[in-house]
Amino acid sequence: MVLFRKLSLVLATLMVVACASDPTSREPANLTDFDAEKKLKEAWSFSLGDGQAEAFHRLTPVIDGDEIFVASSNGKMAALNKSSGKAIWKKSLDLRISGGIGVSGTMLFVGTSDGEVVGLDRLTGGIIWTTPVNSEVLSAPQSDGDVVVAQTYSGEVHGFSATDGKELWRYTSQLPRLTLRGTSTPKIVSGVVMVGFANGRVVAFDIENGAVRWEQRVAVPKGSTEIERLVDVDGRLLVMEDGQTVIATGYQGQVMAIDIGSGRPLWAKETSSYVGATSALGNIYVVAADGSVNALDGNGQGARWTQTVLARRELTEPVAFEGAIGVGDFEGYLHMLAQVDGRLLARTRVDSDGLRAPMTADGDLLYVYGNSGELVAYKLKDR
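Have a look at this one:
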């Protein structure tokens, strides 16, 4: 990896702190006392490998059916019952996993730091095929059952046969000299796969042949320095319930609603974010680069509320759960905010090594994967 072309998350974090909205403070906000209205109760936990390790990955567990699949950077994988946390199988593979996990049908998919996309048997975790690519894969490969799509850190998108890993098509984007460490996870909707790029664009492809359907710019480079001109679209794309609209977030750019069929922007709001958004109660919830949590009107008509008490705490992508919005921070605390007004409802510490990966809500359980490899399922209860 050429260091002058790529920016590690450590340096990115320092830059994010330097760009915080409060020019008098560069330190993460101290945690404040509050009257907790809810409590987070652990339902079960499971420890796996070394988690995210020190490579600043965002390995994210994935749920399909009654199972939740999880992977660690040092090649350990497991399938668990999502309700009980009981292991269905565990596997230790000779892989340095950096992007994962995708799931479709009877297959699982991961990407590696060594530049590989790997297809595995869902029932056992055994490797079925391995296909090399030109650089590490930092987000989970995604599949519609026939085609697997993966983005590399070098800005390429590949389409592979889900059956044997044979490359079907490839797209190469033009990368800036400097980017944040991370890539967008491909999002598949009705034969179209959408991908965010480090050049500030979202591009939609025909999943069968890689033909470009449309592209839309979410962030425009500004300023005189390479850092000022960072415009990565690294956060996960959010497809709304109508299946026709996707929400994209850009660093030093905008939160934008895009029509999936045409690529036409429906609305946009200036907000810098390097993580994805979530939706609930007709709102779009966005964590800004300065650490503020924002509730935007789902029609783009303005902001409902902004909570700044967690400023500069390197927050995760938000998750909607049981009338609350959950975010994790660099010290491993999980914070729950009220969806209606952003007030703090509950807090617990999950992992002293911190939280980085997006969380997953399913039914009455919230799944949180700590940096050290601890996967914890929580329920949110009244006090």
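Residues 1 to 383 (UniProt numbering) are what the sequence shown spells out, left to right. Glycine is no exception: its CB is placed at the ideal position from the N, C-alpha and C atoms.
Exercise. So what's asparagine 294 in DSSP terms, helix, strand or just coil?
Worked result: For this step, residue 294 is matched to residue 294 along the sequence shown. The three-state reading of DSSP puts asparagine 294 in strand, counting E and B together.
Problem set entry | Reduced DSSP category for threonine 183 - H, G, I as helix; E, B as strand; rest coil | Position 183 of the sequence shown, counted from the start, is the residue given in the question as residue 183. Looking at threonine 183 - three-state DSSP - the assignment turns out to be coil, as it is neither helix nor strand.
For this session: Rank Ser272, Val255 and Ser143 by C-alpha distance to the C-alpha of glycine 165 and give the top, closest one.
Result: Residue numbering aside, residue 165 sits at position 165 when the sequence shown is read from its first letter. Ranked by Cα distance from glycine 165, the options Ser272, Val255 and Ser143 are led by Ser143.
Exercise. Is it true that the CB of alanine 140 sits closer than 8 Å to the CB of glycine 102?
Worked result: Translated into positions along the sequence shown, residue 102 becomes position 102. Translated into positions along the sequence shown, residue 140 becomes position 140. It is a contact, given that the beta carbons lie within the stated cut-off.
For this session: Provide the residue(s) that pair with aspartate 121 in DSSP beta bridges, ordered along the chain.
Result: For this step, residue 121 is matched to residue 121 along the sequence shown. Aspartate 121 pairs with Met107.
Exercise. Would you say the region 122–133 touches the region 76–92, given that touching needs at least three Cβ pairs under 8 Å?
Worked result: The answer is yes - the region 76–92 touches the region 122–133, with three or more Cβ pairs under 8 Å.
Problem set entry | Spatial distance of aspartate 22 from glutamine 301 (CA atoms) | Counted from its first residue, the sequence shown places residue 22 at position 22. Counted from its first residue, the sequence shown places residue 301 at position 301. With a pLDDT of 44 at aspartate 22, under the threshold of 50, the predicted position of this residue should be treated as unreliable, and no value is reported.
Problem set entry | Residue burial classification, serine 273 (beta-carbon count within 10 angstroms, cutoff 16) | Here residue 273 refers to the residue found at position 273 when the sequence shown is read from its first residue. Serine 273 is buried by the Cβ-count criterion.
Exercise. My guess is that valine 149 and valine 220 are in contact by the Cβ rule of under 8 Å, so how many angstroms apart are they, rounded?
Worked result: On the sequence shown, position 149 is the one that residue 149 refers to. On the sequence shown, position 220 is the one that residue 220 refers to. Actually they do not touch by this definition, with Cβ atoms about 26 Å apart.
Exercise. What distance in whole Å lies between the Cβ atoms of leucine 95 and threonine 112, which are believed to be in contact at a cut-off of 8 Å?
Worked result: By 1-based counting over the sequence shown, the position of residue 112 is 112. By 1-based counting over the sequence shown, the position of residue 95 is 95. The beta-carbon separation of threonine 112 and leucine 95, rounded to 5 Å, stays under the 8 Å limit for a contact.
Problem set entry | Exposure label - alanine 12; buried when at least 16 CB within 10 Å | For the purposes of this step, residue 12 is taken as the residue at position 12 of the sequence shown. Confidence is the limiting factor: at alanine 12 the pLDDT is only 41, short of 50, which leaves the residue's position unreliable, though a coordinate-based value still follows. The Cβ neighbour count for alanine 12, taken over all protein chains shown within 10 Å, is at least 16; the residue is labelled buried.
Exercise. With a cut-off of 8 Å, do at least 3 Cβ pairs link the region 336–348 to the region 51–61?
Worked result: Touching, no.
Exercise. When you compare only the Cα positions, how much space is there between glycine 370 and alanine 357?
Worked result: One-based indexing of the sequence shown puts residue 370 at position 370. One-based indexing of the sequence shown puts residue 357 at position 357. Each residue's Cα considered, the two are about 7 Å apart.
Exercise. To the nearest angstrom, how far is it from the Cα of leucine 175 to the Cα of alanine 43?
Worked result: One-based indexing of the sequence shown puts residue 175 at position 175. One-based indexing of the sequence shown puts residue 43 at position 43. Each residue's Cα considered, the two are about 43 Å apart.
For this session: Can you grab the Cα-Cα spacing for the pair leucine 365 / leucine 380, in whole Å?
Result: The sequence position of residue 365 within the sequence shown is 365, counting from 1. The sequence position of residue 380 within the sequence shown is 380, counting from 1. Linking leucine 365 to leucine 380 through their CA atoms gives a straight-line distance of about 8 Å.
For this session: Determine the DSSP secondary structure at glutamate 374, reduced to helix, strand or coil.
Result: In the sequence shown, the residue the question calls residue 374 occupies position 374. Note: glutamate 374 maps to strand in three-state DSSP.
Exercise. Taking contact to mean at least 3 C-beta pairs separated by less than 8 Å, is the region 274–283 in contact with the region 211–218?
Worked result: Because the criterion of three Cβ pairs below 8 Å is not met, the region 274–283 and the region 211–218 do not touch.
For this session: Could you check what DSSP says for glutamate 322 in three-state terms: helix, strand or coil?
Result: Within the sequence shown, numbered from 1, the residue matching residue 322 stands at position 322. In the structure shown, glutamate 322 sits in coil (DSSP, three-state: anything other than H, G, I, E or B).
Exercise. Is threonine 225 helix, strand or coil by DSSP?
Worked result: Counting from 1 along the sequence shown, the entry for residue 225 is found at position 225. Coil at threonine 225, not helix or strand.
Exercise. What's the call for glycine 155, buried or exposed, on a 16-neighbour Cβ count within 10 Å?
Worked result: Position 155 of the sequence shown, counted from the start, is the residue given in the question as residue 155. A buried status is given to glycine 155, since no fewer than 16 other beta-carbon atoms sit within 10 Å of its beta-carbon.
Problem set entry | Option in Ser372, Gly200 and Thr172 with minimal Cα separation from aspartate 353 | Sequence index remark: in the sequence shown, residue 353 carries index 353 (1-based). By alpha-carbon distance to aspartate 353, the top candidate from Ser372, Gly200 and Thr172 is Ser372.
Exercise. DSSP three-state call for lysine 166: helix, strand or coil?
Worked result: As a working note, residue 166 is residue 166 in the sequence shown. Three-state DSSP puts lysine 166 in coil, outside helix and strand.
Problem set entry | Backbone secondary structure at asparagine 283 - three-state DSSP | For the purposes of this step, residue 283 is identified with residue 283 of the sequence shown, where counting begins at 1. Note: asparagine 283 maps to strand in three-state DSSP.
Exercise. Of the choices Leu180, Val70, Val368 and Ser262, whose alpha-carbon is the least far from that of isoleucine 227?
Worked result: The residue you call residue 227 lines up with position 227 of the sequence shown. Considering only alpha carbons, the answer is Leu180.
Problem set entry | residue 395, buried or exposed, once every other Cβ within 10 Å from all chains shown has been counted against 16 | Only positions 1 to 383 of the chain appear in the structure, and residue 395 is not among them; the question remains open.
Exercise. Got a sec, what are the start and stop residues for the beta strand (DSSP E) threonine 348 sits in?
Worked result: Start at 1 with the first residue of the sequence shown, and residue 348 comes out as number 348. Segment 344–349, the beta strand (DSSP E) holding threonine 348.
Problem set entry | glutamate 241 - DSSP class collapsed to helix/strand/coil | Here residue 241 corresponds to residue number 241 of the sequence shown, with the count starting at 1. Of the three classes helix, strand and coil, the one that applies to glutamate 241 here is coil, per DSSP.
Exercise. Run through DSSP, which three-state label would glycine 65 get?
Worked result: Position 65 of the sequence shown holds residue 65. In the three-state DSSP reduction, glycine 65 falls in the coil class, being neither helix nor strand.
Exercise. With distances taken between CB atoms, is the gap from threonine 245 to glycine 235 smaller than 8 Å?
Worked result: Along the sequence shown, read from residue 1 onward, the residue named residue 245 stands at position 245. Along the sequence shown, read from residue 1 onward, the residue named residue 235 stands at position 235. The answer is no: Cβ separation not under 8 Å.
Problem set entry | Same chain, Cβ closer than 8 Å to asparagine 283, neighbours up to 5 away in sequence not counted | The residue given as residue 283 occupies position 283 in the sequence shown. Within the same chain, asparagine 283 has close Cβ partners Ala295, Leu296, Asp297, Gly298, Arg304 and Gln339.
For this session: Identify whether residue 426 lies in helix, strand or coil by the three-state DSSP scheme.
Result: Summary: the structure shown does not reach residue 426, with the chain confined to residues 1 through 383, and so no result is reported for it.
Exercise. Out of Asp206, Arg201 and Met77, which has the shortest C-alpha to C-alpha gap to valine 189?
Worked result: Counting from one through the sequence shown, the residue named residue 189 turns up at place 189. Ranking Asp206, Arg201 and Met77 by CA distance to the CA of valine 189 puts Asp206 first.
Exercise. Under a three-way DSSP split, which group does isoleucine 260 fall into?
Worked result: What you label residue 260 is simply residue 260 of the sequence shown in a count that begins at 1. Here isoleucine 260 carries a coil assignment [DSSP, helix/strand/coil].
For this session: Could you tell me whether the Cβ atoms of leucine 355 and aspartate 329 are closer together than 8 Å?
Result: The residue you call residue 355 lines up with position 355 of the sequence shown. The residue you call residue 329 lines up with position 329 of the sequence shown. For leucine 355 and aspartate 329, yes; Cβs fall inside 8 Å.
For this session: Verify whether the separation of the beta carbon atoms of leucine 40 and methionine 336 is less than 8 Å.
Result: Taking the sequence shown and counting its residues from 1, one reaches residue 40 at position 40. Taking the sequence shown and counting its residues from 1, one reaches residue 336 at position 336. Yes. Within cutoff.
Exercise. Are serine 45 and glutamate 374 closer than 8 Å when you measure CB to CB?
Worked result: Translated into positions along the sequence shown, residue 45 becomes position 45. Translated into positions along the sequence shown, residue 374 becomes position 374. Yes; because the gap between Cβ atoms is below 8 Å, this pair is in contact.
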